[in-house]
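In full-length UniProt numbering, the protein residues as written are 1 to 345. Beta carbons: idealized from backbone N, C-alpha and C, even for Gly. Values in this document were obtained by computation on a predicted structure and should not be read as measured data.
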């Protein structure tokens with residue numbers, strides 16, 4: 001019993017979801033001593049969902065393996081390739097199957113809104129009723145703690161990440177980007193550049209949103225915000241971080257190979273929004289600015305650059321996407337001075 005309590009204390013001691021998933025599979029491995037334990041989540045658009053391995057731990061592994069969050073969807077297995085996982089999710093019940101002298105157990109992982117994945121346990125011995133009940137109890141605690149994190153980290157209206165989680169995510173991204181002066185020469189610079197992940201921060205602002213509230217009321221205005229958040233989810237990839245900063249302002253933090261790919265994603269959102277028929281309101285447009293996250297950046301500095309590009313879009317007709325670097329290169333705007341260490345958020 002003390003071992004179970006220790007694992008539960010460790011599981012709820014983290015606010016990082018990646019660490020929580022790894023801790024969960026480690027706890028179940030220690031408690032049950034199976035051949036393997038894994039967490040699989042479904043990602044992607046309806047009809048094109050894939051399995052993302054969040055954590056996979058075998059009996060002799062010292063470290064859990066996982067798919068990178070920025071994995072290309074087409075590289076992940078389709079959900080239909082593992083029908084037993086789908087069955088457990090759809091039935092919202094434990095599935096057990098005998099496979100070649102071993103037992104496979106699948107426990108659905110649910111949020112308050114939906115079933116999002118499964119815990120898969122492969123064991124050489126059959127799990128008794130008490131063992132299955134213990135796993136289900138651990139998963140209920142895991143679910144409840146995830147719900148508490150959602151409550152503190154997500155915007156209550158749209159379900160997107162909220163503003164107070166942005167700094168932590170930004171600093172995690174920044175830790176992967178070297179500061180420019182660390183590179184020694186041009187040859188090393190080119191080699192290093194190809195291996196360095198690129199991140200882009202985008203700011204999205206709804207055009208004339210105040211007039212929507214004034215003409216139709218705040219309930220309709222809230223519906224516009226909710227529908228835009230859904231358009232954002234459909235326009236970006238499953239691993240892109242989507243935030244509502246408050247009011248009509250949204251932020252995206254995304255990993256991409258080149259700025260042109262980020263521009264295509266933001267343009268996709270602009271078009272999807274322009275073409276969408278918002279109930280009662282009709283046509284809504286957005287102005288978008290984005291910038292590459294630089295080594296040594298601060299959240300405030302990156303946000304200010306993207307916001308300058310939004311300001312340019314607003315002043316030149318709205319319903320546009322602008323790249324801050326392109327605006328500076330063309331001489332349309334001047335390079336922003338580096339902000340001090342005092343953050344805006």
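| message | Taking the alpha carbon of residue 55 as the reference point, which residue from 62, 265, 40 has its own alpha carbon closest? | response | For the purposes of this step, residue 55 is taken as the residue at position 55 of the chain shown. Comparing Cα-Cα distances from residue 55 to each of 62, 265, 40, the minimum goes to 40.
Roughly how many whole angstroms lie between the Cα atoms of residue 304 and residue 172?
In the chain shown, residue 304 corresponds to position 304, counting from 1. In the chain shown, residue 172 corresponds to position 172, counting from 1. Looking at the two C-alpha atoms, the distance is approximately 19 angstroms.
Legend entry - For residue 249, the residue or residues it bridges with in DSSP: Indexing the chain shown from 1 puts residue 249 at position 249. 205, 246, per the DSSP bridge assignment.
Note to self: Rounding to the nearest angstrom, what Cα-Cα distance links residue 325 and residue 291 in this structure?
What the structure shows: For this step, residue 325 is matched to residue 325 along the chain shown. For this step, residue 291 is matched to residue 291 along the chain shown. In a straight line, the C-alpha of residue 325 is about 7 angstroms away from that of residue 291.
Margin query: I'd like the span of the alpha helix (DSSP H) that includes residue 120, first residue to last.
Written below: Within the chain shown, the letter at position 120 stands for residue 120. Looking at the DSSP string, residue 120 is not in any alpha helix (DSSP H); the run it does join, the beta strand (DSSP E), is 115–123.
Round the Cβ separation of residue 229 and residue 160 to the nearest angstrom and send it over; I've been treating them as touching at under 8 angstroms.
The sequence position of residue 229 within the chain shown is 229, counting from 1. The sequence position of residue 160 within the chain shown is 160, counting from 1. The Cβ separation is near 5 angstroms, so the contact holds.
How should residue 193 be labelled, buried or exposed, when 16 other C-beta atoms within 10 angstroms of its C-beta is the threshold for buried?
As a first step, residue 193 is located in the chain shown; it is residue number 193 there, counting from the start. With a pLDDT of 47 at residue 193, under the threshold of 50, the modelled position of that residue is not reliable, and no figure is offered here.
Query - DSSP-derived helix/strand/coil call for residue 271 - result: Position 271 of the chain shown, counted from the first residue, corresponds to residue 271. Helix at residue 271.
Start and end of the beta strand (DSSP E) containing residue 223? Taking the chain shown and counting its residues from 1, the one referred to as residue 223 is at position 223. Element bounds for residue 223: not the beta strand (DSSP E) but the alpha helix (DSSP H), 218–235.
For residue 43, the residue or residues it bridges with in DSSP: The residue you call residue 43 lines up with position 43 of the chain shown. Residue 43 pairs with 50.
**Report entry** residue 286 (DSSP reduced to helix, strand or coil)
**Finding:** Here residue 286 refers to the residue found at position 286 when the chain shown is read from its first residue. Three-state result, residue 286: strand.
- List the endpoints of the continuous alpha helix (DSSP H) containing residue 166. Within the chain shown, numbered from 1, the residue matching residue 166 stands at position 166. Unbroken alpha helix (DSSP H) run through residue 166: 166–174.
*How big is the Cα-Cα spacing for residue 113 and residue 157?*
Position 113 of the chain shown holds residue 113. Position 157 of the chain shown holds residue 157. Spanning the two alpha carbons is a distance of roughly 14 angstroms.
### Task
Identify which residue in 280, 31, 315, 60 has its Cα closest to the Cα of residue 130.
For the purposes of this step, residue 130 is taken as residue 130 along the chain shown, with counting starting at 1. The candidate whose alpha carbon is nearest that of residue 130 is 31.
**Prompt:** So what does DSSP say about residue 108, is it helix, strand or coil?
**Reply:** The count along the chain shown starts at 1 and reaches residue 108 at position 108. Residue state, collapsed to three classes: strand.
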